[in-house]
Amino acid sequence: MFKFLKEKLSNLIKGSKETEEPVEKKAKAPVKDVKENTGEKIKKLGKKQEIHKKQKEKNEEEVVYSAEKIEGKPEINELEEKIIEEANEIVNPEIEEKTSFFSKFKKKFTSKLDQGTFNNFFEKLEQILLENNVALGVVDKIREDMEKDLVNIEIKKENIEDEVKKSLKNSIERILVDPFDIMEKIKLKKEGPFIILFFGINGSGKTTSIAKLTHKLQKNNIPCVLAAGDTFRAASIEQLNKHGEKLGVKVISQDYGADPAAVAFDAIKYATSHGLKVVLIDTAGRMHTKDNLIKEMEKIIRVTKPDMKIFVAESITGNDATEQAKIFNESFGIDGTILTKADVDEKGGTAISVGFITGKPILMLGTGQNYDDLEVFSKEEIISNLGLD
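Here the sequence shown stands for residues 448 to 836, numbered as in our numbering.
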């Protein structure tokens, strides 16, 4: 998780590792090349009217002279320096790719970071965040936080990278909600079984997540029963029964087409009579746009009165998962989220976005196909994975 986002953030703030290594073939173009390619360079800089106009007045010898002055003479005209710098980037575009954007950012930085320079920097950061499934609302929040931390604040030039990194880290820490301990909440309930209701769209990994959580309960010596409340999807009951057999756990089920609320009620009754501590209720994959299925879920909630409602989504679906989380939370008031397929999610922005949009914690991450592959979500690990610790 966060492989792509971490690399992009690192390249933006620190520059890629390749920048630090000597690259003979990608060295800055010599003054001679600048002279020979002046005509082409100036055409490409034509949009910048003032520079274009000034350059027309200079002959090729003046351009070479300006380039020589850049090498070490402080009296060089600022406009000339900009012309030569941008011309060299056209001749050697690969240098721009391997150079940290932050190096240019620092050149413009004095004792305070002005609004314009911050805006220029954040444009790059915003693009990176959006490309890695961080929701627009989250990006806006990060911008707001970083603006307060950095703009017009006295910062030493040598500390600017650390301060930007610290500001981004603090913003993400504030956005992420600390997960509660599911096992502790279960143990605190003194009377009756602790009821957990799972929902999410088809294929999100609800049934597998239920099996993984069952395994975790068993490791904590907490007995449970499963309710096959997905009476709509073909083979869903068989799938849960198969997990129940492997784990040695009772599964309460009825025929396909049966009332899922009735199945859940029977499971609660069974848990009560057998002294079982937890009831885990599976449900059909609700497409959040289908009103009839939403109403069915509302009935299950009325009948079962769950102690915890967990939304399950695939981490790799990005903004789709975020939108689903928002609507399910508005409809039912979720208590937390399990994100599946986190092990193959190289962008990672979903984990940041879902928590922010719902205001509820990411509880666990599915990280594989085995029963042990369900990890408790950790803010500290997220920050570490992003390279911000």
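Every residue gets a Cβ at the ideal spot worked out from N, C-alpha and C, and that includes glycine.
Name, in chain order, the residues that DSSP records as bridge partners for Phe758. Phe646 and Thr784, per the DSSP bridge assignment.
Would Val581 and Ile715 qualify as a contact pair, given that the criterion is a beta-carbon distance under 8 Å? Going by beta carbons, Val581 and Ile715 fall outside the 8 Å limit.
Check whether the Cβ atoms of Ile642 and Pro753 sit closer than 8 Å, and answer yes or no. For the pair Ile642 and Pro753, the CB atoms are nearer than the 8 Å cut-off.
My output table needs one value for Ile669: the three-state DSSP class, helix, strand or coil. Note: Ile669 maps to coil in three-state DSSP.
Taking the alpha helix (DSSP H) that Glu839 belongs to, which residues open and close that run? The shown model of the chain, from 448 to 836, leaves out residue 839, and the question about it has no answer.
I'd like to confirm the pairing. Which residues does DSSP put opposite Ile809 in its beta bridges? The partner list for Ile809 (beta bridge, DSSP) reads Thr784.
Nearest neighbour of Ser825, chosen from Asp625, Leu673 and Thr769 [CA to CA]: It is Asp625.
Check: Leu459 C-beta below 7 Å from any heavy atom of the ligand FAD: Questions concerning the ligand FAD fall outside what the structure shown contains, since it holds no ligand whatsoever.
Selection from Ile607, Lys788 and Lys807 that minimises the alpha carbon distance to His814: It is worth fixing the name first, because residue 814 is Thr in this sequence and not His. If we check each option's Cα against that of Thr814, Lys788 comes out closest.
Is the CB-CB distance between Ile781 and Ile757 below 8 Å? Yes; because the gap between Cβ atoms is below 8 Å, this pair is in contact.
Can at least three beta-carbon pairs, one atom from the stretch 635 to 651 and one from the stretch 689 to 707, be found at a separation below 8 Å? At 8 Å Cβ cutoff, the stretches do not touch.
Test item: CB-CB of Lys455 and Asn567 under 8 Å: Not closer than 8 Å, so no.
Who pairs with Asp587 in a beta bridge, going by DSSP? Beta-bridge pairing by DSSP links Asp587 to no other residue.
Ala675: which of Ile684, Asn668, Gly834 and Asn667 sits nearest, CA to CA? Of Ile684, Asn668, Gly834 and Asn667, the smallest CA-CA separation from Ala675 is found for Ile684.
Tell me, please, which residues DSSP counts as bridged to Ile728. Answer is Leu644 and Ala674.
Quick one: measure Cβ to Cβ for Asp561 and Asn617, integer angstroms, because I've assumed they're closer than 8 Å. Between Asn617 and Asp561 the Cβ distance is about 21 Å, and since that is not below 8 Å, they are no contact.
Bridge partner(s) assigned by DSSP for Val698: The partner list for Val698 (beta bridge, DSSP) reads Leu673.
Can you tell me whether Asn506 is buried or exposed? The criterion is at least 16 other CB atoms within 10 Å of its CB, across all chains shown. Interpretation of Asn506 is limited by its pLDDT of 46, a score under 50 that renders its predicted location unreliable; the figure taken from the coordinates is listed afterwards. By the neighbour-count criterion, in which 16 or more other beta carbons inside 10 Å mark a residue as buried, Asn506 falls on the exposed side.
My output table needs one value for Leu560: the three-state DSSP class, helix, strand or coil. Leu560: strand per DSSP, three-state reduction.
Own chain partners of Leu412 with C-beta closer than 8 Å, once the 5 adjacent residues on each side are dropped: The displayed coordinates of the chain run from 448 to 836. Any statement about residue 412 would go beyond what the structure contains.
Helix, strand or coil at Tyr512 according to DSSP, with G and I counted as helix: At Tyr512 the pLDDT is 47, less than 50, meaning the model places this residue with poor confidence; the figure from the coordinates comes in the next sentence. Taken through DSSP and simplified to helix, strand or coil, Tyr512 comes out as helix.
Check whether the stretch 643 to 653 touches the stretch 721 to 735, counting contact only when three or more Cβ pairs, one atom from each stretch, lie closer than 8 Å. Segments in contact, yes.
Using DSSP's beta-bridge definition, name the partner residues of Glu601. DSSP, once it has assigned bridges, lists Lys559 as partnering Glu601.
Could you tell me the distance, in whole angstroms, from the CA atom of Phe614 to the CA atom of Gly647? Going by the sequence as given, residue 614 is Ser instead of Phe. One C-alpha to the other measures close to 34 Å.
Determine the closest residue to Asn458 out of Leu623, Val672, Lys571 and Asp587, with distance taken between C-alpha atoms. Selected option, being the one with the closest Cα: Lys571.
Using the three-state DSSP reduction, which class does Leu572 fall into: helix, strand or coil? Taken through DSSP and simplified to helix, strand or coil, Leu572 comes out as helix.
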